[in-house]
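As they're listed, the protein sequences go chains A, B, C and D.
The opening residue of the first sequence carries number 1 in full-length UniProt numbering; numbering runs sequentially from there.
The opening residue of the second sequence carries number 1 in full-length UniProt numbering; numbering runs sequentially from there.
The opening residue of the third sequence carries number 1 in full-length UniProt numbering; numbering runs sequentially from there.
The opening residue of the fourth sequence carries number 1 in full-length UniProt numbering; numbering runs sequentially from there.
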Amino acid sequence: MIAYLLNLATLATVFGILAASLNLLIGYAGIFSMAHAVFFGLGAYAGAQIAMLLVPDVLLACLAAAAVAGLLSLCLALPALRVRGEYFVVASLGLQMVAITVFSEAHAVTGGHGGLVGIPPATLFGLNIGDPGAFLLVCLAVLALVLLGIRVLMRGSFGRSLMAIRDSESAAKAFGKDVPRIKTLAVGLGCALAGVAGALFAFYMAFVNVESFTLEQSVLVMAMVIIGGTATLAGPLIGVLLLLLLPAGLSFLTFIPPTEIGAVQQFIYGLAMTLLMIFRPAGIAGLSTGRR
Amino acid sequence: MLILQLLVSGIQTGAIYALTAAGFALIFGATRIFHVAHGATFALAGYAFVGLVNGGFGWPLACLGALVLAVAFGLAMDRFVYRPIQRHEGSFFTVFVAAFGVTIMVQSLIEIGFGRSFAAVSTPLTRAHQLLPGLYVAEVFWVAVAAALVLFAAVTLFLERTRLGIGLRALSENPELLRAYGLSARRLSMIAFGLGSALAVPGAVLTAITTGLQPSISAQVMLVSLAASVVGGIGSLRGAALAGLLLGVVENLVVSVLDTQWSSAAGFVVLFAFILFRPSGLFGRAVAR
Amino acid sequence: MQGLLSVRGLEKHFGGLAAVQKVDLDLQEGVTTALVGPNGAGKTTLFNLITGNIVPDSGTVTVAGAAVTGRRPHEIARLGVARSFQDLRLFGRMTVRDNVLAAIEHGAWFWQPGGGAARRAREAAVESALERTGLSHLAKARAVDLSYAETKFLSVARILATGARIWLLDEPASGLDLNSRNRFVALVREAVAAGVTVCLIEHNLDIVTELADRIAFLDRGAKLAEGEPAAILRDPELIAIYFGERRP
Amino acid sequence: MLTRRQTLAAAMAAPVAVPLAAPRLARAQQGQPYVVGTLFPMAGPNAEYGGVFTAGVQMALDHIAADRMLGRPVELRAQDSQGTPQGGATGMTKLASVDRANYVLVGFTGVSKAAAPIAARAKVPMVNGGGVGPDLAGLSPYFWNVIPLVNLEVRALLPWLGRSGLKKIALIYVDDPFGNAILAELRRGLPEVGASLVGTFSVPPGSQQFAAVAAKVRDAGADAVYFASYGAQQSQIIKQLRDNGVSQQLLTYSGATLASVAALPEAEGLVFTRQAADWSSDDPVTKRFVTDWRAKHGGDPGSYHQNYYNGTRLFALLAQGLEKQNRPVDGDGLRAELLRVREFAFVGGKASFDDQGCVTMPIEVNKLQGGQYVRLS
């Protein structure tokens with residue numbers, strides 16, 4: 001039982017980091033990326049390779065993952081600077097589709113569909129933290145750091161710059177904001193954090209393959225952020241808890257045949273997305289859009 | 001001969017893409033709504049056709065059923081999803097997420113109703129015959145090309161020659177003109193959704209008889225429609241149709257040099273290149289930045 | 001005489017349409033200039049060309065003698081050119097205080113340069129701007145929750161806090177009630193007295209006569225006349241154009 | 001706001017906790033049963049397989065109980081793998097640490113690879129009866145296979161190919177470990193029988209458009225086309241190859257033993273390999289399985305039913321041996337017993353395991369004629 005809860009808690013923590021990092025893009029920067037799973041995946045592959053080739057040190061793997069995902073975030077920053085709105089969403093969808101093909105074809109780095117097997121248990125400064133409890137603590141610490149960092153940054157001038165660009169890009173420019181640089185930084189930071197989540201995910205699963213980084217995963221994370229509430233600290237976490245507990249909750253409704261649980265679950269989160277957008281577009285934890 | 005053969009299958013795929021993307025572009029051009037649930041319309045029409053044929057109804061009745069369902073779904077989206085969101089001035093992303101949510105719902109309903117496997121209708125129309133040495137063409141190729149040409153011509157005529165059509169084109173840009181013509185914006189937006197959704201039906205039926213449907217087809221079709229309308233220039237019917245054709249041909253031709261896995265990625269590379277280097281698309285006006 | 005901000009031979013075409021053609025304009029230091037003309041005369045486009053939002057087809061813009069044509073909007077803004085927008089473009093989901101604070105933070109890194117002293121100076125500028133626009137009591141309200149007049153004053157507060165020498169105001173007083181309108185006029189006069197150079201687009205000719213030292217009259221992208229308000233507003237041809245009674 | 005969030009979270013968490021706690025309480029009492037876990041896709045696109053696999057396991061459990069083979073009762077615990085690596089890792093964690101399973105049955109290559117390291121850490125033997133990817137061999141000391149892996153099937157096809165005179169083979173394969181293994185096996189094996197690969201075409205797992213592949217296959221000028229895919233994709237490959245003018249002999253492996261493939265008119269003449277299934281055998285284990293299966297399910301069993309029956313039976317045989325020697329039934333004991341005995345009486349005849357825990361079973365070449373499987377060798 002404890003092991004099961006640990007397991008669920010670790011997964012929720014990792015997805016919490018992932019959702020918080022996407023919230024940085026969607027909620028604060030107004031960059032509606034549908035390719036977040038790509039950077040989650042880049043981090044997972046980078047972390048896994050570090051662990052398998054060098055040392056399974058969590059810190060090192062997380063740093064490498066953040067570096068790889070942060071650098072390659074230029075693929076997302078480039079269209080983000082060129083186009084906005086619908087165009088950017090389409091561009092990010094395109095990036096997601098191309099990246100999936102690259103992930104499944106770059107056998108040498110990603111293992112293709114077969115994935116990377118046998119990622120060793122994690123260590124931290126030589127200490128073994130492969131034990132589920134210890135690993136959960138590390139993940140929680142990372143989540144706390146990430147949330148703290150986002151809170152500090154978003155309450156500071158960087159957050160104000162981002163939100164100003166989100167609310168009116170032309171006005172932000174007119175008041176001296178270097179929009180391309182701020183956007184590139186935000187995308188880099190958001191994607192690097194997604195990479196960190198990916199590295200933790202790789203250690204936790206001890207196995208990664210392309211199936212965990214598909215469009216469906218991007219949509220799931222997006223749903224977590226949207227349903228929970230964008231541009232709030234707690235929103236994404238609420239979204240993560242709701243969507244991760246949904247399958248567990250559904251399995252107690254005995255009138256649903258077990259083979260259909262997956263579909264029913266999908267249906268519910270599709271329905272939740274649509275209804276929220278119609279009646280409460282700011283999400284569960286979000287503020288209303290004002291009395292305008 | 002390989003290139004020619006790939007070109008033929010590319011044109012067949014492209015004709016289906018073109019019609020579907022044209023429907024999407026028609027809706028977007030008239031209403032400025034990014035109707036990502038267009039893929040769901042396609043899937044619903046396709047599965048309705050398969051369900052009716054397997055249920056013993058003839059093809060004409062099955063096509064009619066698919067048409068009715070597609071149009072009804074398009075109108076329902078306009079009435080019950082987009083209009084309430086627009087009433088409280090939702091951002092484009094609100095519309096996008098809501099429509100995406102509906103797409104997910106439709107996909108899961110199809111999974112429950114039809115299972116997760118392929119669904120297809122078998123017909124001798126898809127059996128290819130040797131046209132030239134090494135070049136095999138099936139009747140369905142001519143059907144697809146003819147359907148695309150006829151429907152596209154009809155829609156173009158409608159948009160350019162009829163009062164309603166001109167009203168549709170003016171809807172997003174020149175609302176004053178509508179008043180002069182005595183047309184209601186609400187009715188025009190219904191017509192845009194009805195007509196646009198109807199344009200997804202031939203593609204859905206052709207896909208059901210050639211490659212078969214699967215529940216995730218709605219996401220694929222959505223991606224292709226989005227890609228085609230961006231490459232073509234958002235809102236341009238002609239651009240979307242041409243870009244759809246282009247994507248179909250690229251997907252197939254690329255197979256002559258690369259492995260098959262790269263075929264759909266190639267289409268998205270084209271999309272990505274357009275967004276980076278020519279965001280206004282083939283026929284687009286300059287993008288408002 | 002070349003002004004603090006000077007425009008020479010500025011031209012911009014959209015497709016076949018000339019939005020701005022061969023416009024010369026000088027904003028002399030401390031002089032308030034009004035851009036007047038019918039809708040679609042190219043007034044806002046001229047602002048957009050000056051601030052770098054749109055790149056001109058030809059012509060030059062100089063600020064205090066330095067050429068800024070082709071430079072990016074944020075660089076021009078940092079030279080002390082602040083503007084407002086017809087549709088305000090407030091940072092809607094941010095608080096009133098953050099709206100003003102964001103307008104004067106130019107650092108594009110994770111923090112602002114200058115340390116604590118610079119931060120205190122920015123905070124003081126914000127407090128003063130809010131006080132002068134009468135928004136202090138609303139500092140923690142979100143911009144979307146303000147009343148119409150309050151949003152207008154917030155857009156001025158943003159400019160006020162920047163300490164910019166040149167203000168480009170796009171219909172800043174439209175739709176204001178009498179009381180707010182008078183407060184606004186006083187606010188601009190106060191700024192002018194402090195040495196700010198103002199250029200405003202305004203349809204309300206009462207406000208124009210109250211504030212402007214000079215008027216530049218634009219129609220169909222071209223500058224038809226420039227001079228003292230009294231002279232321009234007495235010219236029957238210009239007035240006919242202004243009120244849309246265009247001669248054939 | 002805060003209180004509402006907390007209540008919401010608590011409300012979602014509460015129902016999870018209660019039923020999961022129950023089995024542990026029950027087991028704390030006397031007569032602790034053995035726990036056999038299953039890690040099959042019970043939801044999602046591959047849920048049909050979960051039902052098929054479980055039916056085989058269930059019949060074996062019925063027989064074990066009826067024969068009183070073991071001193072303690074055997075209990076079945078199912079976790080849903082969803083057919084994905086992530087589901088596999090999560091499910092295996094639950095089986096190992098919540099259900100405390102003694103032995104786990106698994107299917108699917110991706111699931112097995114994700115779950116095997118977790119099982120190895122907990123020293124829980126995992127037995128695969130469904131996935132055929134050759135890299136499932138030797139995944140860990142505690143990972144065994146009761147299904148012959150696909151390299152054995154390819155080897156069984158080669159002699160028939162040699163006799164058939166088909167020299168130039170084109171291969172269409174899914175680009176995953178399974179498909180790549182077939183590619184490697186054909187590349188190695190074809191020259192031995194005087195044939196060669198004239199074209200290899202990889203396709204993504206979910207793909208459904210094969211017109212372009214068909215064009216390239218025709219262009220390669222092959223005598224026969226081997227395709228390596230699974231699930232519903234196989235029907236699409238067959239249909240679209242035939243639709244697009246590929247009239248050559250089609251070849252494949254046991255994945256094609258699906259009702260949907262047999263029902264496809266385009267599949268007529270398909271040649272494929274599969275585990276030998278002689279349901280008329282006089283061998284008592286096979287006879288009892290077949291008789292009871294027909295009585296319960298009203299039809300002949302399939303290979304998967306047979307494999308999962310054998311997989312479950314293997315546990316009973318090993319545990320029985322350990323009980324007789326008065327040794328504890330744990331991962332190390334089961335492994336030692338497997339390597340000591342090696343040969344077991346299974347449905348389908350005697351089966352032997354190699355050092356890696358992989359079974360060898362007889363394989364035969366079949367042809368699809370009029371919707372029926374006809375044995376060729």
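By construction, the Cβ of each residue, glycine as well, lies at the ideal position given by its N, Cα and C atoms.
query: Interface partners of B:Val102 on chain A, CB under 7 Å; result: Gly270 and Thr274
query: Three-way DSSP call (helix, strand, coil) for A:Ala274 in this model; result: The sequence as given places Thr at residue 274 of chain A; Ala does not occur at that position. Of the three classes helix, strand and coil, the one that applies to A:Thr274 here is helix, per DSSP.
query: Test: D:Gly245 CB closer than 8 Å to a CB of chain B; result: yes
query: DSSP state of B:Gln107 mapped onto helix, strand, coil; result: helix
query: Under the three-state DSSP convention, the category A:Gly41 falls into; result: helix
query: C-alpha distance - B:Ser189 paired with B:Thr31, whole-angstrom precision; result: 6 Å
query: Inter-stretch contact at 8 Å, needing at least 3 Cβ pairs: the stretch 167-174 of chain A / the stretch 54-73 of chain A; result: no
query: Distance, D:Val271 Cα to B:Leu253 Cα; result: 31 Å
query: Residue from C:Gly37, C:Leu46 and C:Tyr148 whose Cα sits closest to the Cα of C:His13; result: C:Leu46
query: Endpoints, beta strand (DSSP E) assigned at D:Tyr226; result: Ala224 to Ala228
query: N- and C-terminal bounds of the beta strand (DSSP E) containing C:Ile166; result: Ile166 to Asp170
query: Opening and closing residue of the beta strand (DSSP E) in which residue 379 of chain D lies; result: As displayed, chain D neither begins before 1 nor continues past 377, which places residue 379 of chain D out of reach and without an answer.
query: Proximity test, Cβ basis, 8 Å: A:Val179 and chain C; result: yes
query: Rounded C-alpha distance that separates B:Gly235 from B:Ala15; result: 19 Å
query: Whether A:Ala192 touches A:Gly70 by CB criterion (8 Å); result: yes
query: Cutoff 8 Å: D:Val347 Cβ touching any chain B Cβ; result: no
query: Rounded distance between the beta-carbons of C:Leu200 and C:Leu211, thought under 8 Å; result: 7 Å
query: A:Lys183 to A:Asp167 span [Cα, whole Å]; result: 13 Å
query: Coarse secondary structure for B:Ala146, derived from DSSP in three states; result: helix
query: Chain-ordered chain D contacts of B:Arg127 [CB-CB under 8 Å]; result: Arg242 and Asp243
query: Inter-stretch contact at 8 Å, needing at least 3 Cβ pairs: the stretch 193-210 of chain A / the stretch 33-45 of chain A; result: yes
query: Residues near A:Ala44 by beta carbon distance below 6 Å, same chain, minus five either side; result: Gly198, Phe201, Ala202 and Val208
query: Nonlocal neighbours in the same chain, by C-beta distance under 8 Å from C:Ala191, ignoring five residues either side; result: Leu160, Trp167 and Val198
query: Contact with chain B by D:Asp300, beta-carbon distance below 8 Å; result: no
query: Alpha helix (DSSP H) segments (min. 4 residues) lying fully within the stretch 208-245 of chain B; result: 217-232
query: Cβ neighbours of C:His203 in the same chain (closer than 7 Å, five flanking residues each side left out); result: Glu171 and Ser174
query: Residue range of the alpha helix (DSSP H) that includes C:Asp26; result: No alpha helix (DSSP H) holds C:Asp26; the beta strand (DSSP E) holding it covers Leu17 to Leu27.
query: Cβ of D:Phe108 within 8 Å of any chain B Cβ; result: no
query: B:Ala180, buried or exposed, once every other Cβ within 10 Å from all chains shown has been counted against 16; result: exposed
query: C-alpha gap between A:Ala106 and A:Gly112, whole angstroms; result: 6 Å
query: Length of the line joining the Cα atoms of B:Val97 and A:Leu76; result: 20 Å
query: Neighbour-count burial assignment, D:Ala26, 16 or more Cβ in a 10 Å radius; result: At D:Ala26 the pLDDT is 40, less than 50, meaning the model places this residue with poor confidence; the figure from the coordinates comes in the next sentence. So D:Ala26 ends up on the exposed side.
query: Within-8 Å CB hit, A:Gly112 to chain D; result: yes
query: Cut-off 6 Å between Cβ atoms - residues of its own chain near C:Glu29, not counting five sequence neighbours on either side; result: Leu4 and Thr197
query: Interface residues of chain A facing D:Asp278 [CB-CB closer than 9 Å]; result: Going along chain A, no residue has its Cβ under 9 Å from D:Asp278, so there is no contact; the nearest lies around 32 Å.
query: Exposed unless 16 or more other CB atoms sit within 10 angstroms - verdict on B:Gly203; result: buried
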